[in-house]
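Here's the structure, in structure tokens; my notes come after.
Protein chains: 2
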Amino acid sequence: MFDVLFSHILKKVSLTEEEKSLLKSFFNAKNLRKKEFLLQEGEICHYLSFVSKGLLRSYHIDERGDEHMNLFAWEGWWSSDIYSFSFNEIAQFNIDALEDSELLLITRENLEEMTLQIPKMDRYFRILFQNSLATKERRLVSSNSYTAKEKYIQLADSNPQMIQRVPQNLIASYLGLAPETLSRIKKNIALGK
Amino acid sequence: MFDVLFSHILKKVSLTEEEKSLLKSFFNAKNLRKKEFLLQEGEICHYLSFVSKGLLRSYHIDERGDEHMNLFAWEGWWSSDIYSFSFNEIAQFNIDALEDSELLLITRENLEEMTLQIPKMDRYFRILFQNSLATKERRLVSSNSYTAKEKYIQLADSNPQMIQRVPQNLIASYLGLAPETLSRIKKNIALGK
DNA sequence: CGGATCGTTGATCAACTTCAACGGTCGTGG
DNA sequence: CCACGACCGTTGAAGTTGATCAACGATCCG
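Residue numbers (the numbering used here), protein chains in the order written: chain G, 161 to 353; chain A, 161 to 353.
See below:
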């Protein structure tokens, strides 16, 4: 259960055995069946969730009832409504499971306590958030700068695993496109533009 | 020069006087005149830059030559091509000054060294990046979910200072709109929709 | 004063959405 | 084990939003 987490952390900072077992005490394990919710819009998001197995999605539902994907998280990724988690405000995202999943959850209070007891974890999360921010910044510019086709090609190049593992209509939503549009784009690409 | 930086840091972590003077040694001051560049696309971004006075913009230029704003940074904000800075890759963003500015720069190497000597700075940047990530996540969903008019209203509500301080055509670009479109939207809003 | 920059307005256009229908596949319950 | 419904991707036709192109007036600044 903790193997995936530790190997992920150890890529960024080193941990002693004592720190490892201390660290474990701050987490709760949770299993989520396909289609079960981890978080629903309107709640407060109390956890950062590490996915040790499976696949989660986080998405927003607008007033018209349309879903807009925020991100997908599989083995080795974190998921949360980070805004809600950080500022203790109402969540804008739903999180549910696309596949049966095994998670490790940590609350805001435990994160606080853990980083005080193991300052290296501030460093781990600093690097994690720094990298996520870097990626998200590029994605945001891409979203505003490029055509639907360009965006899809960029994604397919930079994240082929996502395209293999996630249904096409959800990929479309992730890119801010109607599912029909993505279908047509793929057809055009297959026809050599 | 360092007053603004310290007051910003002290909102998130405490620092002793020794830590403060140690911290100073990792930064370089730099002045930037209006329209001068801090970073140009294609270079490596070597710095995180803290704005103690003035206003910076960071933006991407696409193959068609069109500019796409990434963010604006004024007193109390950081600016960088964080992807380039983090991964030592070629920058996608240009950064230049919209107003005469006073900056404090820190290199990747100095950031590394500073966080090792003052672990609390890992915590500071962890919180800083966590908050930025939270904001950027919401902005990205907003960008994919809402109409041009909704996006503008959200921005005007959440960040009125930006609208006061930044020219309208750059606001348009920040929202991923043509300047003419934003002009028409504002007209419609003024006419009571 | 003169040029550059910025916002505005009108007309046209293109990209993407919406709506509707259909065929294939998968998984579940009878 | 088969059948049915749900889900997913595809295709076509029509509609809409926002982009583009062009022209003009206002303001700022040197």
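The beta-carbon is built from N, C-alpha and C at its ideal position, and this holds for glycine as well.
Computed from a predicted model, the values in this text were never measured in an experiment.
Problem - DSSP bridge partner residues for ILE250 (chain A) (one or two, in chain order) - result: The residue you call residue 250 (chain A) lines up with position 90 of the second sequence. Per DSSP, A:ILE204.
Problem - ARG224 (chain G), DSSP secondary structure in three states - result: Here residue 224 (chain G) refers to the residue found at position 64 of the first sequence. Reduced to three states, the DSSP call for ARG224 (chain G) is coil.
Handout entry: Whole-number beta carbon distance between GLN290 (chain G) and ILE242 (chain A), since they are thought to touch under 8 Å
Key = Reading the second sequence from its first residue, position 82 is the one you call residue 242 (chain A). Reading the first sequence from its first residue, position 130 is the one you call residue 290 (chain G). About 7 Å separates the two Cβ atoms, so the contact holds.
Exercise for the section: Sort out for me which residues DSSP pairs MET274 (chain G) with in a bridge. Expected result: Looking up residue 274 (chain G) in the first sequence gives position 114. Per DSSP, none; premise fails for MET274 (chain G).
Problem - Chain-ordered neighbours of ARG283 (chain A) on chain G, where CB pairs are closer than 8 Å - result: Here residue 283 (chain A) is taken as the residue at index 123 of the second sequence, counted from 1. Chain G residues near ARG283 (chain A): THR275, PRO279, ASP282, ARG286.
Practice task
Pull up the distance between the alpha-carbon of SER239 (chain G) and that of LEU351 (chain A), whole angstroms please.
Solution key: On the first sequence, position 79 is the one that residue 239 (chain G) refers to. On the second sequence, position 191 is the one that residue 351 (chain A) refers to. Distance between the alpha carbons of SER239 (chain G) and LEU351 (chain A) is about 43 Å.
Problem - Inter-residue spacing [alpha-carbon to alpha-carbon] between LYS184 (chain A) and ILE278 (chain A) - result: For the purposes of this step, residue 184 (chain A) is taken as the residue at position 24 of the second sequence. For the purposes of this step, residue 278 (chain A) is taken as the residue at position 118 of the second sequence. Between LYS184 (chain A) and ILE278 (chain A), the C-alpha separation is close to 12 Å.
Handout entry: Cutoff 8 Å; reference ALA316 (chain A); Cβ partners in own chain excluding five residues on either side
Key = Position 156 of the second sequence, counted from the start, is the residue given in the question as residue 316 (chain A). Closer than 8 Å at Cβ, skipping near neighbours: ILE323.
Exercise for the section: Show which residues of chain A have a CB atom less than 8 Å away from the CB atom of ILE242 (chain G). Expected result: Reading the first sequence from its first residue, position 82 is the one you call residue 242 (chain G). Under the 8 Å cutoff, chain A gives GLN290, LEU293, ALA294, GLU297.
Exercise for the section: Would you check if the distance between the CB atom of LEU216 (chain A) and the CB atom of ILE255 (chain A) is smaller than 8 Å? Expected result: For the purposes of this step, residue 216 (chain A) is identified with residue 56 of the second sequence, where counting begins at 1. For the purposes of this step, residue 255 (chain A) is identified with residue 95 of the second sequence, where counting begins at 1. Going by C-beta atoms, LEU216 (chain A) is nearer than 8 Å to ILE255 (chain A).
Problem - Enclosing beta strand (DSSP E) for LYS190 (chain A) [first to last residue] - result: Numbered from its first residue, the second sequence carries residue 190 (chain A) at position 30. Per DSSP, LYS190 (chain A) belongs to the beta strand (DSSP E) from 188–192.
Practice task
Give the secondary structure of LYS347 (chain G) by DSSP, where H, G and I count as helix, E and B as strand, and everything else as coil.
Solution key: Working through the first sequence from its first residue, we reach residue 347 (chain G) at position 187. Looking at LYS347 (chain G) - three-state DSSP - the assignment turns out to be helix.
Practice task
Determine, using beta carbons only, whether ARG193 (chain G) and ALA257 (chain G) come nearer to each other than 8 Å.
Solution key: As a position in the first sequence, residue 193 (chain G) is number 33, starting the count at 1. As a position in the first sequence, residue 257 (chain G) is number 97, starting the count at 1. Yes, Cβ-Cβ distance for ARG193 (chain G) and ALA257 (chain G) is below 8 Å.
Practice task
Measure from the C-beta of SER355 (chain G) to each C-beta in chain A and report whether the shortest distance is under 8 Å.
Solution key: The displayed coordinates of chain G run from 161 to 353. Any statement about residue 355 (chain G) would go beyond what the structure contains.
Problem - Residue(s) in a DSSP beta bridge with PHE232 (chain G) - result: Residue 232 (chain G) sits at position 72 when you count from the first residue of the first sequence. Paired residue(s): G:ARG217.
Problem - Cβ shell of ILE266 (chain A) (< 6 Å), same chain only, five flanking positions each side left out - result: Start at 1 with the first residue of the second sequence, and residue 266 (chain A) comes out as number 106. PHE186, PHE187, LEU208.
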